[in-house]
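Chemist:
Residue numbers (our numbering): 74 to 814.
#1: Assign residue 573 to one of three DSSP states: helix, strand, or coil.
#2: For residue 611, which residues of its own chain have a beta-carbon under 6 Å away from its beta-carbon, when the five flanking residues on both sides are left out?
#3: Determine which residues share a DSSP beta bridge with residue 445 and list them.
#4: Beta carbon of residue 619: closer than 7 Å to some heavy atom of the ligand FAD?
#5: Note the first and the last residue of the continuous alpha helix (DSSP H) segment covering residue 256.
#6: According to DSSP, is residue 292 helix, strand or coil?
#7: Who are the Cβ neighbours of residue 686 in its own chain at under 7 Å, not counting the five residues just before and after it?
#8: Would you mind reading off the limits of the beta strand (DSSP E) that contains residue 430?
#9: Starting from the C-beta of residue 669, find all residues in its chain whose C-beta is less than 8 Å away, skip the five residues before and the five after it, and write them out in chain order.
#10: Determine whether the beta carbon atoms of residue 428 and residue 489 lie at a separation below 8 Å.
#11: Measure how close the beta-carbons of residue 727 and residue 749 come, nearest whole angstrom, since I'm counting them as under 8 Å.
#12: Report buried or exposed for residue 563, applying the criterion of at least 16 other Cβ atoms within 10 angstroms of its Cβ.
#13: Please classify residue 371 as buried or exposed, where buried requires at least 16 other C-beta atoms within 10 Å of its C-beta.
#14: Specify whether the stretch 619 to 638 and the stretch 648 to 666 touch according to this definition: at least 3 beta carbon pairs, one from each stretch, less than 8 Å apart.
#15: Looking only at its chain, what residues have a beta carbon closer than 6 Å to the beta carbon of residue 431, apart from the 5 residues adjacent to it on each side?
#16: Let me check understanding here. Comparing Cα to Cα, which of 558, 302, 270 and 262 lies closest to residue 281?
#17: Whose C-beta lies closer than 7 Å to the C-beta of residue 194 among residues of the same chain, with five residues either side of it excluded?
#18: Around the C-beta of residue 309, are 16 or more other C-beta atoms found within 10 angstroms, so that it is buried, or is it exposed?
#19: In angstroms, rounded to a whole number, what distance separates the CA positions of residue 353 and residue 278?
#20: Here's the rule I'm using: 16 or more other beta-carbon atoms within 10 Å means buried, otherwise exposed. How should residue 533 be labelled?
#21: Would residue 471 and residue 357 qualify as a contact pair, given that the criterion is a beta-carbon distance under 8 Å?
#22: Answer yes or no: do residue 794 and residue 717 have a C-beta to C-beta separation smaller than 8 Å?
#23: Can you give me the C-alpha to C-alpha distance between residue 84 and residue 583, rounded to a whole angstrom?
#24: What first and last residue would you give for the alpha helix (DSSP H) that runs through residue 547?
#25: Taking the alpha-carbon positions, what's the residue 103 to residue 263 distance?
#26: DSSP beta-bridge partners for residue 99?
#27: From this set, 542, 557 and 167, which residue's C-alpha is nearest residue 156's C-alpha?
#28: Residue 414 lies in the beta strand (DSSP E); which residues open and close that run?
#29: Label residue 145 either buried or exposed according to how many other C-beta atoms from any shown protein chain fall within 10 Å of its C-beta, with 16 as the threshold for buried.
#30: Between the beta-carbon of residue 483 and the beta-carbon of residue 439, is there less than 8 Å?
#31: Counting C-beta neighbours from all protein chains within 10 Å, is the total for residue 461 16 or more, i.e. buried, or is it exposed?
#32: Counting pairs of Cβ atoms below 8 Å between the stretch 320 to 340 and the stretch 89 to 97, do you hit three or more?
#33: Name the one or two DSSP bridge partners that residue 631 has.
#34: How is residue 456 classed by DSSP in three states: helix, strand or coil?
#35: Residue 329: buried (16+ other C-beta within 10 angstroms of its C-beta) or exposed?
#36: By the 10 Å Cβ neighbour count, where 16 or more other Cβ atoms means buried, how is residue 220 classified, buried or exposed?
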């Protein structure tokens, strides 16, 4: 690493196969949308000999196999696996979406990988390190995952590599900016009229050689005299950073004493520091120019991955239990061990159906194996996990993706990734284990979807397919949550953002042939009496034969919140026969469920039956039910009916700089801030109570307000009286069109 002239690629053409865990590298690419992750993956595949020209595999299909909406929107919205071979290793490149709405795909990529490449764009400057990227960096730091940084788009006008190094050190340096240092300096060509200066090569700081690509081929040159001084300063800083991370405590004394440390020793220490996650090299990359065999910096990146990134043998295994929750020993990355694998992604193929991307942690997975499938779903909050499911299933065909092709494999060993077709009803996050020894892997965390999308079938033909389509959609994407709201009768998809909503609707249409219409999300409002009221229900009809006769008198009084409906019988003297008193209660409760003033369920009242009249022939159960309902409606006409709205407890965590704007925004939503407290990392927790109607789009608005740095959660607290001016507006609308989230 650093002074190697050229690494020989693996076998060109066809997806590689791994025969031992030490020959596997699982690398996830992380970065904001537009940073160039997918272009970088294609450039790495070109350099590794997996493609014959940039972006094209040998059969003419593109490397990245994205669905229709991705191609139309020109941004990736799902995790993509691209395996390549290099220097005797199989490298599984995991390309993740950069947009915040698809952070669930990013979390899946982090689970499947053993190291991470963070891609930042010089064209985006300070904005190139998005909040989701910093959050992913912190997650990697918590588990000690090795990380390197790749700077792209240095050929953009008015960009500065020095500025990008400073930005990377500020965002990724943690407490030690000297742990984020470049291994190479970019060499830029002459600036054109448009202000662009093309990237023509790299200067290796350890090798002190220029890797020149200006001719279309990679050649080595000595540095020019004017390059010597910046090269020397950057090289000295890099050497000091490497020595500071060295396990050889005498190395620093020898260096400070003037000894010229051997490059091989520096490279070995660098590789060890990168592998244990304490040093984060910065590299530069650019795609291949027209007619060039490879991109700039791609050889160096592949070399870093194979020599500096850890093998699956060095990964800390996930926690496993029995399906009942009893602890089990951690899986060992041994192809001969018991099978422990996890579904990290589920997708649908129009020809083969459901396809599962599986990471094998222990054992070997083979076609036609009988395995135990167990899943508890993924749940970020821990409050409402999906139902646990178990089944004995047979493994289908194993394949390795290669663009739009799937190359058949005869096995997948521990540490590797594979695609499995028709894996029963497997969902993302499910565990595969030996049929006689079932285990369950602890789920990775996913954000709680907090943006609602109410949907209904577009036509009669879509109604039959809607439930199945939604179920498949949620099985593929654990950051979607499906709710059948019993209060409003709506089918609600909870998403992470507007783009997430759009993709969900498009997938329902294109993948499952279900046309749906979005409708306003309704919150469950309630009604109650503001004060005491009396009502008389008189249902008397005579139309030949048996008539209908029932009269009842009631009194209604409000109760404390959460009391529901209480029915009290105070009839004396048999004015209402005993057999009809339950009929009166049934009629009252039925009318309460329908609502009174605004068609919302009535709650928190005591209804007392005081008196009534009956007829020996014409009274009946149905008559007294009707009379009870009429009495409640008359009482409502004589009293003021109060609308109640749900109030949420909202906890917002934002950097200290955004506390003021967040509190002002919450106040503008009729919220009450009930407290603040300091959180880790220069953040503040703001606790507030806000009407649910006002936080329907808060997932989108908070992201805009805090520039993507804030997060929040919400839980139902109680129903409270709605302000009169808002209640009047709701009463003027139909019950199925009230304001909602």
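Positions of the beta carbon are idealized from the N, C-alpha and C atoms, including for glycine.
Quick caveat, the model's predicted, so the values are computed rather than measured.
Modeler: Here's the rundown:
#1: Counting from 1 along the chain shown, the entry for residue 573 is found at position 500. Three-state DSSP puts residue 573 in a helix.
#2: In the chain shown, the residue the question calls residue 611 occupies position 538. Counting only Cβ-Cβ distances below 6 Å, and skipping sequence neighbours, we find 624.
#3: Here residue 445 is taken as the residue at index 372 of the chain shown, counted from 1. Bridge partners of residue 445: 465 and 506.
#4: The ligand FAD is not part of the structure shown, which contains no ligands of any sort.
#5: Here the question's residue 256 lines up with position 183 in the chain shown. First-last for residue 256: undefined, no H or E at that position.
#6: The count along the chain shown starts at 1 and reaches residue 292 at position 219. Three-state result, residue 292: strand.
#7: Against the chain shown, residue 686 aligns to sequence position 613. Correct list, in chain order: 624 and 648.
#8: Position 357 of the chain shown, counted from the start, is the residue given in the question as residue 430. That run of the beta strand (DSSP E) goes 426 to 435.
#9: For the purposes of this step, residue 669 is identified with residue 596 of the chain shown, where counting begins at 1. For residue 669, where only same-chain residues beyond five positions count, the Cβ hits under 8 Å are 600, 675, 705, 706, 709 and 714.
#10: What you label residue 428 is simply residue 355 of the chain shown in a count that begins at 1. What you label residue 489 is simply residue 416 of the chain shown in a count that begins at 1. Contact: no.
#11: If you number the chain shown from 1, residue 727 lands on position 654. If you number the chain shown from 1, residue 749 lands on position 676. At roughly 10 Å, the Cβ-Cβ gap does not stay under 8 Å, so residue 727 and residue 749 are not in contact.
#12: Numbered from its first residue, the chain shown carries residue 563 at position 490. Label assigned to residue 563: buried.
#13: Translated into positions along the chain shown, residue 371 becomes position 298. When all chains shown are included, residue 371 counts as buried.
#14: yes
#15: Counting from one through the chain shown, the residue named residue 431 turns up at place 358. Cβ neighbours of residue 431 beyond the five flanking positions: 414, 416, 491 and 493.
#16: As a first step, residue 281 is located in the chain shown; it is residue number 208 there, counting from the start. When only C-alpha atoms are compared, the closest one is 302.
#17: As a first step, residue 194 is located in the chain shown; it is residue number 121 there, counting from the start. Result list for residue 194: 107, 108, 109, 201, 225 and 226, in chain order.
#18: For the purposes of this step, residue 309 is taken as residue 236 along the chain shown, with counting starting at 1. Exposed: under 16 other Cβ atoms inside 10 Å.
#19: Here residue 353 corresponds to residue number 280 of the chain shown, with the count starting at 1. Here residue 278 corresponds to residue number 205 of the chain shown, with the count starting at 1. Residue 353 and residue 278: Cα-Cα distance of roughly 15 Å.
#20: What you label residue 533 is simply residue 460 of the chain shown in a count that begins at 1. When all chains shown are included, residue 533 counts as exposed.
#21: On the chain shown, residue 471 is found 398 positions in, with the first residue counted as 1. On the chain shown, residue 357 is found 284 positions in, with the first residue counted as 1. No. Outside cutoff.
#22: The residue you call residue 794 lines up with position 721 of the chain shown. The residue you call residue 717 lines up with position 644 of the chain shown. Yes. Within cutoff.
#23: Taking the first residue of the chain shown as 1, we reach residue 84 at position 11. Taking the first residue of the chain shown as 1, we reach residue 583 at position 510. The pLDDT assigned to residue 84 is 36, lower than 50, so where the model puts this residue is not dependable, and the model offers no usable value.
#24: Position 474 of the chain shown holds residue 547. Per DSSP, residue 547 belongs to the alpha helix (DSSP H) from 533 to 549.
#25: Taking the chain shown and counting its residues from 1, one reaches residue 103 at position 30. Taking the chain shown and counting its residues from 1, one reaches residue 263 at position 190. Cα to Cα, the separation comes out at about 31 Å.
#26: As a first step, residue 99 must be located in the chain shown, where it is residue number 26. According to DSSP, residue 99 bridges with 165.
#27: Position 83 of the chain shown, counting from 1, holds the residue named residue 156. Residue 156 has its Cα closest to that of 167, out of 542, 557 and 167.
#28: What you label residue 414 is simply residue 341 of the chain shown in a count that begins at 1. Segment 413 to 422, the beta strand (DSSP E) holding residue 414.
#29: If you number the chain shown from 1, residue 145 lands on position 72. For residue 145, the predicted model reports a pLDDT of 37, less than 50, meaning its position is unreliable; a value from the coordinates is still stated below. So residue 145 ends up on the exposed side.
#30: For the purposes of this step, residue 483 is taken as residue 410 along the chain shown, with counting starting at 1. For the purposes of this step, residue 439 is taken as residue 366 along the chain shown, with counting starting at 1. Their beta carbons are under 8 Å apart, which means residue 483 touches residue 439 by this criterion.
#31: Sequence index remark: in the chain shown, residue 461 carries index 388 (1-based). Under this definition residue 461 is an exposed residue.
#32: no
#33: As a working note, residue 631 is residue 558 in the chain shown. Per DSSP, 678.
#34: Counting from 1 along the chain shown, the entry for residue 456 is found at position 383. Bear in mind that a pLDDT of 38 at residue 456, under 50, signals an unreliable position, so the model cannot answer this.
#35: Taking the chain shown and counting its residues from 1, one reaches residue 329 at position 256. Exposed.
#36: The residue labelled residue 220 in the question sits at position 147 within the chain shown. Answer is buried; the Cβ neighbour count reaches 16.
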